[in-house]
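Student: The opening position of the sequence shown corresponds to residue 14 in the working numbering, with each subsequent residue numbered one higher.
Below are the C-alpha cells for one structure; questions will follow.
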Amino acid sequence: MLGDIRFQEIDVYPTGGGSTGAFVADFDGDTDLDYAIANRNGDSVSVYYNDGFGVFENHQDFLTGNNPRYVEGHDFDGDGDVDLCTPDYYGMTTTLLENDGNGNFSISQQFEMFTPAFVWIDDLDLDGNKDLITLEWDDEVEGEPHQSPGKVTPLYSNGDGTFELGASAYIGVQPRGADSGDLNGDGLIDVVVADIYSRTISIVLAKGVRTWQESVQISMFPGTPRYISLGDFDEDGDLDIAALDKLGDIFWILANDGQANFTLVEEVHVNDAPHSMEIIDVEGDGDLDFVVSHVGSIVQLILYNDGLGQIESMQGLIIPGGAAEIKLADFNLDGMFDILTANIDNSHPGSSVLLQQECLTCDGGEPCPPSVNDIVIFTDSFTTIDIQLEGETSSNNQLQYFLTSLPSSGALKDSKGDDIDFVPYYLPTDTLQYIPVNGFVGVVTFDYFANDCLLSNQGLTKLYVDPVYPDECDESLEVFNGVTDIYNVNATASEDLYDLTDCDGTQTTEMYHDIWLHYFACENGTLTIDTCDLLDFDSTIVVYDGTCCYLNQIACHSGIESCGGNSQLTVDGIEAGQFYFIRIGSSTASSTGGGSVIIDGPSVGCVESCFTDLNSDGIVNVEDLLFVLSDWGQDCGPADLNLDEVVDVVDLLAIIGDWGVCNE
14 MLGDIRFQEI
24 DVYPTGGGST
34 GAFVADFDGD
44 TDLDYAIANR
54 NGDSVSVYYN
64 DGFGVFENHQ
74 DFLTGNNPRY
84 VEGHDFDGDG
94 DVDLCTPDYY
104 GMTTTLLEND
114 GNGNFSISQQ
124 FEMFTPAFVW
134 IDDLDLDGNK
144 DLITLEWDDE
154 VEGEPHQSPG
164 KVTPLYSNGD
174 GTFELGASAY
184 IGVQPRGADS
194 GDLNGDGLID
204 VVVADIYSRT
214 ISIVLAKGVR
224 TWQESVQISM
234 FPGTPRYISL
244 GDFDEDGDLD
254 IAALDKLGDI
264 FWILANDGQA
274 NFTLVEEVHV
284 NDAPHSMEII
294 DVEGDGDLDF
304 VVSHVGSIVQ
314 LILYNDGLGQ
324 IESMQGLIIP
334 GGAAEIKLAD
344 FNLDGMFDIL
354 TANIDNSHPG
364 SSVLLQQECL
374 TCDGGEPCPP
384 SVNDIVIFTD
394 SFTTIDIQLE
404 GETSSNNQLQ
414 YFLTSLPSSG
424 ALKDSKGDDI
434 DFVPYYLPTD
444 TLQYIPVNGF
454 VGVVTFDYFA
464 NDCLLSNQGL
474 TKLYVDPVYP
484 DECDESLEVF
494 NGVTDIYNVN
504 ATASEDLYDL
514 TDCDGTQTTE
524 MYHDIWLHYF
534 ACENGTLTID
544 TCDLLDFDST
554 IVVYDGTCCY
564 LNQIACHSGI
574 ESCGGNSQLT
584 VDGIEAGQFY
594 FIRIGSSTAS
604 STGGGSVIID
614 GPSVGCVESC
624 FTDLNSDGIV
634 NVEDLLFVLS
644 DWGQDCGPAD
654 LNLDEVVDVV
664 DLLAIIGDWG
674 VCNE
C-alpha cells in the first residue's frame, strides 16, 4: 500500500442520460480544458465549458446519431479547433461534428457503420493526419452478426475534413474496446481489440501502410475483455497490453516479447464491472499506473505499478453513478491531474469531476498520516453485527477505509450490502456488517487501514462472538412452519420440570443445555417437531401448553435410530388460539452445537403477529390492553412484557406504544 493521492469533494454535472463516453479538450479556444460526454439515451453529446478554475457552470447539448457510445475529438479539418466524432450504436453511423471555433458543434458528416461500438483516433497510415478507427459488426456475414467476427474499420483522414474508407480487418466477436501502436517494432501501427462475446483479445498487425495481416486471437476464457490500453508497463521498450474483464472483475497485464507475442503476467481482482481505464504515472516514480472505472461499483481504483508490470498496491476513490469511461486532465491548471467520469446510471447526474488537491503537511514538510483505532466488540448477537470503523486525520478530508484481511469465519458486507470476499477491499463508507456462522462462538479478527495522502497505522478489529439462544421459557423464540436454525452452545439447563419416563420410545431420562421456542396455533390439528437434521448433538424434545408460569407437559421424545439419535415428535390435539412451548436440549451433558429444526403445524391461516400482540391476531389493540389489565400485579405470564416479574404500567405502555397493525 504505497501510493495515495487526495481529491476535493466531487462535483456532478447532469447530461443527457445513459452517459458512457468522455473526451477532454479546449473546445472554445480559451486555453483551459473543457469536456464532452456521449449520451446513449439522449442521442447527443453534452459539452461543458471550463471557467478556468475547474468549475463547469455552462453547457450545451448537440445532436449526434442514435445511441452514441463514446466521443473522441481532433482537429480533422485543419481549421485550428477540435472537432468531435461518435460511434452511434443503433444509428449505424459514425458521426463527425464540426466545431465553429467557439465550442458549438453541428453534424458535418455521417459514415455508415454496422452497429459501431467504439471509436478512437490515431495516425494509422503515418501520413501526419489523425484517422478515425471504428469497431463494428459485419453486416455481410451469412449467420448472425452478433455471433460472428467483428471488424476494425478505418477512415483515413486527408487533413481537410474528408476521409477515405479503408480496408477492414476481421477480429473477434462483439468488439468493445481497442488501442493502437507499434507492437512488433517494424514502424507500422498495429491494433489490439477486446472482444467481449468471443472472450478473446485480437491482435491485428499491419502488413504495410493501410493493409492488414490476418488477426490472431488470444483466448481469455472464461474472461470477458471489455477495454484495452497499451503502454510499456514493464519498462522493457515495447508495448504491453492492459485489459479489463467486465464480468469476472479482473484487471490483466499481458507482456510483449517485442515481436507481438503476449503472455499473461498479472491478474488482479478489481471491483464490480470494470469498464475503462486511463494510464498515467500517478506518484511520479517513472512507471505507468492505471486508473480504473467500474459501472457496477461506487469505488473506482488506482492500481500502482511496481515498474515490472506487477500491481503492488491500489487506492479507492468514491465516484457514484456507474462510472463508465474515465478521463484524466488538469482542469484547474495547478499541475496535478484531475478526474472526469461519464456515468451511466440515470438516477445520478451524468458526469463527475474530481479535482486533485495537495496534501496537508506537518512539521518537517511531510504529509500528515491519519490514524485508526483498534476496535473490540463483544456481542451475543447471532444475526448481524454492525461495525463502525474509527479514524482521525489532520488534513480535514473524509478518510477512505479499506480492509487488508478477512475474518476466518463468517461473512462481511459493506454498507451497500455487497459481500466482501477479497482484499484489499475499499469501503464506500466507514461502516460494515459481520454475519457470524450460525452457532459460531469465538473470536474473529480482520485488519483495516485508512488513506489520506499517507496510509494510517494498521487497525485491528476483534469481535468476541458469544451468542446466547433463548434458553428460558419466558424468553422463548416464536417459530412458524418451516425451518428454524437453533444452537445450544451457551444454553444452561432450565429449572422447569419435565418427565421423560412418561414418553414412549425415550432413550434417556436427562436433558442438558436446553433452548426454548414457542408456537401459536390458529387452527386445530397436529404439531410436528423434527430435529433429525441436527448434527452436533443428540436431541431431546419436550412440549408444553399453558403459560411459562404454569407449564403443563403434553409430549416428549428423545432419540430414535432412524433419526440419527435425534428426536422427531408429533403432537395430536393441538387447539386453535393456544400457545405451545417447545423445549429442545442435548441428551448428554458434553454435547452442544447447532443445526436446524423443522416445524409443521396448523398455522396456515395465521396473520403476522408481533411481540406486544398478546392474542396473536395481528393487531395491537384494546384486547391486548385488557389482557395486561387482567394479569395486573402478577409476577409471571405473557403480559409481563419486560420480564421484570410484575405486570404493571410499563407493560401497559408497551402495548400503547405498538398500537395498531403489527409491523406497519
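Built from N, CA and C at the ideal position, the CB exists for glycine as well.
Please report the distance separating the alpha-carbon of Phe350 from that of Thr28.
Tutor: Along the sequence shown, read from residue 1 onward, the residue named residue 350 stands at position 337. Along the sequence shown, read from residue 1 onward, the residue named residue 28 stands at position 15. One C-alpha to the other measures close to 23 Å.
Student: Checking the sheet assignment: what are the DSSP bridge partners for Phe176?
Tutor: The sequence position of residue 176 within the sequence shown is 163, counting from 1. DSSP lists Ser170 as partners of Phe176.
Student: Express the C-alpha separation of Gln591 and Asp653 in angstroms, rounding to a whole number.
Tutor: By one-based count along the sequence shown, residue 653 stands at place 640. By one-based count along the sequence shown, residue 591 stands at place 578. About 18 Å.
Student: Go through its chain and collect everything with a Cβ distance to Ala35's Cβ below 6 Å, but skip five positions before and after it.
Tutor: Taking the first residue of the sequence shown as 1, we reach residue 35 at position 22. Same-chain partners within the cutoff: Ile50, Glu338, Lys340, Leu353, Ala355.
Student: Got a sec, what are the start and stop residues for the alpha helix (DSSP H) Ile134 sits in?
Tutor: Working through the sequence shown from its first residue, we reach residue 134 at position 121. Run containing Ile134: none in the alpha helix (DSSP H); it sits in the beta strand (DSSP E), 131-135.
Student: CA-CA distance, Cys649 and Leu627?
Tutor: Taking the first residue of the sequence shown as position 1, residue 649 is located at position 636. Taking the first residue of the sequence shown as position 1, residue 627 is located at position 614. Cα to Cα, Cys649 sits roughly 14 Å from Leu627.
Student: Rounded to the nearest angstrom, how far is the Cβ of Tyr33 from that of Arg19, given a contact under 8 Å?
Tutor: Residue 33 sits at position 20 when you count from the first residue of the sequence shown. Residue 19 sits at position 6 when you count from the first residue of the sequence shown. Rather than Tyr, the amino acid found at residue 33 in this sequence is Thr. 27 Å between Cβ atoms; not a contact.
Student: Please specify which runs of the beta strand (DSSP E), each continuous and at least 3 residues long, are wholly inside the region 322-377, giving them in chain order.
Tutor: 324-331, 336-342, 351-356, 364-367, all fully within the region 322-377.
Student: Could you tell me the boundaries of the beta strand (DSSP E) in which Leu639 lies?
Tutor: For the purposes of this step, residue 639 is identified with residue 626 of the sequence shown, where counting begins at 1. No beta strand (DSSP E) holds Leu639; the alpha helix (DSSP H) holding it covers 635-643.
Student: Using the C-alpha atoms, what's the distance from Val229 back to Thr147?
Tutor: As a first step, residue 147 must be located in the sequence shown, where it is residue number 134. As a first step, residue 229 must be located in the sequence shown, where it is residue number 216. Taking the straight line from one Cα to the other gives about 18 Å.
Student: Use the C-beta contact count for Ala191: other C-beta atoms within 10 angstroms, 16 or more gives buried, fewer gives exposed.
Tutor: Mapped onto the sequence shown, residue 191 falls at position 178. Answer is buried; the Cβ neighbour count reaches 16.
Student: What's the C-alpha gap between Leu15 and Glu371?
Tutor: As a first step, residue 15 is located in the sequence shown; it is residue number 2 there, counting from the start. As a first step, residue 371 is located in the sequence shown; it is residue number 358 there, counting from the start. Only weak support is given to the placement of Leu15: the predicted model assigns it a pLDDT of 45, under 50, and the value that follows is read from those uncertain coordinates. Cα to Cα, the separation comes out at about 17 Å.
Student: Tell me the rounded alpha-carbon separation between Asp140 and Pro420.
Tutor: As a working mapping, residue 140 is identified with position 127 in the sequence shown. As a working mapping, residue 420 is identified with position 407 in the sequence shown. Whole-angstrom Cα-Cα distance: 59 Å.
Student: Taking Asn386 as the reference, give the member of Ile448, Leu467, Leu473 with the closest Cα.
Tutor: Indexing the sequence shown from 1 puts residue 386 at position 373. Nearest of Ile448, Leu467, Leu473 to Asn386, Cα basis: Leu473.
Student: Tell me Cys486's beta-bridge partners as DSSP assigns them.
Tutor: Along the sequence shown, read from residue 1 onward, the residue named residue 486 stands at position 473. Its beta-bridge partners do not exist; DSSP assigns none.
Student: Identify, in the order they occur along the chain, each residue of the same chain with its Cβ nearer than 8 Å to the Cβ of Ala589, setting aside the five sequence neighbours on each side.
Tutor: Taking the first residue of the sequence shown as 1, we reach residue 589 at position 576. Once the five neighbours on either side are set aside, the close Cβ partners of Ala589 are Ala534, Cys535, Glu536, Asn537, Pro615.
Student: Using only the alpha-carbon positions, how far apart do Pro81 and Thr128 sit?
Tutor: Residue numbering aside, residue 81 sits at position 68 when the sequence shown is read from its first letter. Residue numbering aside, residue 128 sits at position 115 when the sequence shown is read from its first letter. Pro81 and Thr128: Cα-Cα distance of roughly 10 Å.
Student: Would Ile542 and Ile595 be called neighbours here (beta carbons separated by less than 7 Å)?
Tutor: Translated into the one-based positions of the sequence shown, residue 542 becomes position 529. Translated into the one-based positions of the sequence shown, residue 595 becomes position 582. Yes. Within cutoff.
Student: With DSSP as the reference, identify every bridge partner of Ile433, one or two as the case may be.
Tutor: Taking the first residue of the sequence shown as position 1, residue 433 is located at position 420. Looking at the DSSP assignment, Ile433 forms no beta bridge with any residue, so it has no partner.
Student: Do you know whose CA, among Asn655, Thr397, Ser599, lies nearest Phe679's CA?
Tutor: Lying before the first or after the last residue shown, residue 679 is absent from the chain, which here runs from 14 to 677.
Student: Mark Asp657 as exposed unless 16 or more other C-beta atoms lie within 10 angstroms of its C-beta, in which case mark it buried.
Tutor: Walking along the sequence shown from the start, residue 657 turns up at place 644. Burial call: exposed.
Student: On the DSSP letters alone, give me the boundaries of the alpha helix (DSSP H) that Val663 sits inside.
Tutor: Taking the sequence shown and counting its residues from 1, one reaches residue 663 at position 650. Segment 662-670, the alpha helix (DSSP H) holding Val663.
Student: Could you please give the first and the last residue of the uninterrupted beta strand (DSSP E) stretch that includes Glu2?
Tutor: Nothing can be reported for residue 2: it is not among the residues displayed for the chain, which extend from 14 to 677.
Student: Taking only runs that begin and end inside the region 243-310, name each unbroken beta strand (DSSP E) of 3 or more residues, in chain order.
Tutor: Within the region 243-310, the complete beta strand (DSSP E) runs of at least 3 residues are 253-258, 263-269, 275-282, 287-293, 302-307.
Student: Below 7 Å between beta carbons: does that hold for Val84 and Val58?
Tutor: The sequence position of residue 84 within the sequence shown is 71, counting from 1. The sequence position of residue 58 within the sequence shown is 45, counting from 1. Yes. Within cutoff.
Student: At a Cβ threshold of 7 Å, is Glu403 touching chain D?
Tutor: The chain labelled as chain D is not found in the depicted structure, where only one protein chain is given.
Student: I'd like to check one pair, Asp546 with Gly572: are the Cβ atoms closer than 7 Å?
Tutor: Counting from one through the sequence shown, the residue named residue 572 turns up at place 559. Counting from one through the sequence shown, the residue named residue 546 turns up at place 533. Contact flag unset, no.
Student: By the 10 Å Cβ neighbour count, where 16 or more other Cβ atoms means buried, how is Gly93 classified, buried or exposed?
Tutor: Walking along the sequence shown from the start, residue 93 turns up at place 80. Counting Cβ neighbours within 10 Å, Gly93 comes out exposed, since fewer than 16 surround it.
Student: Just the C-alpha distance for Asn494 and Asp644, rounded to the nearest angstrom, thanks.
Tutor: On the sequence shown, position 481 is the one that residue 494 refers to. On the sequence shown, position 631 is the one that residue 644 refers to. If I take the Cα positions, the gap works out to 30 Å.
Student: Can you have a look at Leu440 and say buried or exposed, based on whether 16 or more other CB atoms are within 10 angstroms of its CB?
Tutor: Reading the sequence shown from its first residue, position 427 is the one you call residue 440. Buried, by the Cβ-count rule.
Student: Leaving out the 5 sequence neighbours to the left and right, which residues in its chain are closer than 8 Å to Val556 when beta-carbon positions are compared?
Tutor: The residue you call residue 556 lines up with position 543 of the sequence shown. Taken in chain order, the residues that qualify are Leu540, Ile542, Gln566, Ile567, Ala568, Cys569, Leu582, Val584, Tyr593, Phe594, Ile595, Arg596.
Student: With DSSP as the reference, label Met14 as helix, strand or coil.
Tutor: On the sequence shown, position 1 is the one that residue 14 refers to. Confidence at Met14 is low in this model, with a pLDDT of 40, below 50, so its placement is unreliable and the value that follows should be read with caution. In the structure shown, Met14 sits in coil (DSSP, three-state: anything other than H, G, I, E or B).
Student: Which residues in the same chain have their Cβ closer than 6 Å to the Cβ of Leu267, if we skip the five residues on either side of it in sequence?
Tutor: The residue labelled residue 267 in the question sits at position 254 within the sequence shown. The residues are Ile254, Phe275, Leu277.
Student: Identify whether Asp94 lies in helix, strand or coil by the three-state DSSP scheme.
Tutor: The residue labelled residue 94 in the question sits at position 81 within the sequence shown. Coil at Asp94, not helix or strand.
Student: Between the region 203-215 and the region 168-177, do at least 3 Cβ pairs fall closer than 8 Å?
Tutor: Result no; under three Cβ-Cβ pairs closer than 8 Å.
Student: Kindly give me the distance between the Cβ atoms of Ala180 and Trp225, rounded to whole angstroms, as I take these residues to be in contact under 8 Å.
Tutor: Against the sequence shown, residue 180 aligns to sequence position 167. Against the sequence shown, residue 225 aligns to sequence position 212. Confirmed, Cβ separation roughly 7 Å.
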